[in-house]
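In the numbering used here, the protein residues as written are -10 to 139.
Put into structure tokens, the structure is as follows:
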């Protein structure tokens, strides 16, 4: 019993010594302060002016002067439109091919397909017809029809 008491009394002394040693050598274990990397930018985070490239750069430059280069507005159509080849849903495009995504009321996902100019595309999943047209050509055609009517 006496030996155990002696052991218990020595324990705090040992703990105190270890604590002192830990405190003395703790600064030596810490890493030295790291200098800033030489290739880090002085100006900070780059902005869009210096960062964008390619087609996104063209779109960014057009947006600066107030021109919308790409129309991202959805096309709204009536439920009765696009039910036949004679009355397809018209999709505007200045190109000969356009990728189209269609969201239908009965589906929780998009149907993707490519529309080609001059062709009517049938989407059997939703039973609708689509056709690509050039807005400039349509405007010219409307002007010609109006001129003939006057």
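Backbone N, C-alpha and C fix where the C-beta goes; we use that ideal spot for every residue, glycine too.
Local conformation of residue i per DSSP, three classes
| i | result |
| --- | --- |
| residue 62 | coil |
| residue -2 | Low confidence applies here, because residue -2 scores a pLDDT of 49, under 50, leaving its location unreliable; read the following figure in that light. If DSSP states are grouped into helix, strand and coil, residue -2 belongs with the helices. |
| residue 137 | helix |
| residue 80 | strand |
| residue 124 | helix |
| residue 74 | coil |
Cβ separation of residue i and residue j, assumed to be a contact under 8 Å, to the nearest whole Å
| i | j | result |
| --- | --- | --- |
| residue 71 | residue 102 | About 13 Å; that fails the 8 Å criterion. |
| residue 45 | residue 59 | About 10 Å; that fails the 8 Å criterion. |
Separation of residue j from residue i, as counted between CA atoms
| i | j | result |
| --- | --- | --- |
| residue 66 | residue 78 | 7 Å |
| residue 74 | residue 112 | 11 Å |
| residue 98 | residue 127 | 31 Å |
| residue 116 | residue 87 | 20 Å |
| residue 134 | residue 33 | 59 Å |
| residue 36 | residue 61 | 24 Å |
> Is the segment 105 to 124 touching the segment 68 to 83 in the sense that three or more CB pairs, one from each, lie closer than 8 Å?
Replying inline: Yes: the two stretches touch, three or more of their Cβ pairs being nearer than 8 Å.
> Whole beta strand (DSSP E) runs in the segment 87 to 114 with 3 or more residues, listed along the chain?
Replying inline: Contiguous beta strand (DSSP E) elements confined to the segment 87 to 114 occur at 99 to 105 and 109 to 112, taking only those with 3 or more residues.
> Pairing CB atoms from the segment 45 to 54 with CB atoms from the segment 91 to 99, are three or more of them under 8 Å?
Replying inline: The segment 45 to 54 vs the segment 91 to 99: no contact.
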